[in-house]
């Protein structure tokens with residue numbers, strides 16, 4: 012990776028929980044997987060994202076490659092000199108090896124579109140923008156905790172995001188605002204001015220982001236609601252409130268292991284405090300209580316079924332010789348439910364959180380220190396999980 016000796020997979024993170032994660036795995040954890048924060052049993056993380064565009068440049072869908080390169084250069088200089096974090100790792104995503112791009116995607120530092128570089132091809136550009144030498148794009152990552160990152164040339168010129176563990180949207184918004192304020196204004200390289208309309212607010216490539224340019228989301232783990240057959244009701248209720256319910260990697264992804272992202276859909280005409288308050292104080296607390304109530308009902312009314320599901324999954328993880336990433340997430344989801352229900356006292360939820368990330372293809376290869384083909388990864392993943400969870 013360009014810009015630093017350590018890529019995201021080696022950035023220091025919080026110590027892992029019980030279960031015996033090796034040192035290399037502990038270093039691979041981001042703050043949002045720490046298991047800390049309010050309501051961390053249900054809320055894995057809170058994210059605030061701000062969409063911004065530079066005045067004087069076309070939106071990316073209309074920009075030439077030369078204009079995109081200019082935006083990238085301006086953003087890189089600004090992000091690496093304004094002191095937005097203790098240290099800043101800059102990555103030229105279009106030059107990064109595929110494994111590093113996948114690693115950043117798995118860590119939620121960049122989007123699928125940013126990793127592939129095909130969201131908004133520039134006029135006259137080749138269609139295979141994800142290849143080396145593709146469309147100019149980058150990301151700045153705040154170290155050591157990776158809680159803040161800024162994608163450059165994704166859908167908008169800048170996508171500022173802050174991710175916090177648990178239900179901490181207010182803290183995430185304050186941190187995102189600090190980055191936003193630090194970027195705008197004068198510096199030694201000149202003035203950076205955002206595209207802004209007195210009538211509409213911040214101008215963005217997608218009309219649904221016009222206004223505040225804010226998108227707030229929480230990642231929830233809702234296995235008990237799924238087992239009780241209540242997830243469809245939750246989906247309908249949140250959508251009726253104008254919220255989007257998406258999978259683990261956001262828009263267009265599936266809810267692997269009953270991990271869901273809930274976010275606002277529009278930003279025009281609604282101030283940031285109202286958006287934050289609605290999600291953090293009104294809607295998400297209800298979903299949290301529904302999940303906890305479902306967990307209690309499972310223990311009271313369907314305990315044997317719950318125990319069977321949890322220990323069957325734990326037994327598979329402790330004994331499997333081959334595991335796909337999809338299987339690992341589903342089985343780990345069951346074990347996490349068992350941990351929170353008090354059925355598995357020798358494993359901490361934080362350990363499971365870490366394993367969900369570390370069993371993904373790029374992280375597994377980074378932890379093991381070598382590239383593996385798909386078949387080798389299935390075997391290595393099973394070996395790794397057995398060691399962490401005390402299997403044989």
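In the working numbering, the protein residues as written are 12 to 403.
Glycine is no exception: its CB is placed at the ideal position from the N, C-alpha and C atoms.
In this text the structure is predicted, and so the values were computed from the model without any measurement.
With respect to residue 80, residue 147 sits close: the two C-beta atoms are nearer than 8 Å. For residue 328, the CB contacts under 6 Å within the same chain, skipping 5 residues up- and downstream, are 342, 396 and 400 in chain order. Here residue 193 is near residue 94, since their CB atoms are less than 8 Å apart.
Within the same chain, and ignoring the five residues on either side of residue 222 in sequence, the residues whose Cβ sits closer than 6 Å to its Cβ are 212, 278 and 279. Cβ neighbours of residue 317 within its own chain (closer than 6 Å, five residues either side excluded): 309. DSSP places residue 276 outside both helix and strand once states are collapsed to three, so it counts as coil.
In this structure residue 170 is in contact with residue 62, their Cβ atoms being roughly 6 Å apart against a cut-off of 8 Å. Counted as a single uninterrupted DSSP element, the alpha helix (DSSP H) harbouring residue 374 occupies residues 372 to 379. Excluding sequence positions up to five before and after residue 98, its CB lies within less than 6 Å of the CB of 154, all in the same chain and listed in chain order. The C-alpha of residue 338 is placed about 44 Å away from the C-alpha of residue 195. Bounds of the beta strand (DSSP E) holding residue 56 are 54 to 63.
Counting every other CB atom within 10 Å of its CB across the protein chains shown gives residue 164 a total of 16 or more, marking it as buried. In the structure shown, residue 270 falls within a strand segment according to DSSP collapsed to helix, strand and coil. Out of 377, 349, 257 and 91, the CA that lies nearest to the CA of residue 234 is found in 349. A contact between stretches requires three or more CB pairs, one per stretch, nearer than 8 Å, and the region 284 to 301 fails this requirement with the region 353 to 361. Assignment of alpha helix (DSSP H) within the region 278 to 307, counting only whole runs of 4 or more residues, yields 283 to 288 in chain order. Between residue 53 and residue 268, the alpha-carbon positions lie close to 13 Å from each other.
For residue 91 and residue 203, the gap between their C-alpha atoms comes out near 14 Å.
Judged by DSSP secondary structure, residue 85 falls within the alpha helix (DSSP H) whose first and last residues are 76 to 90.
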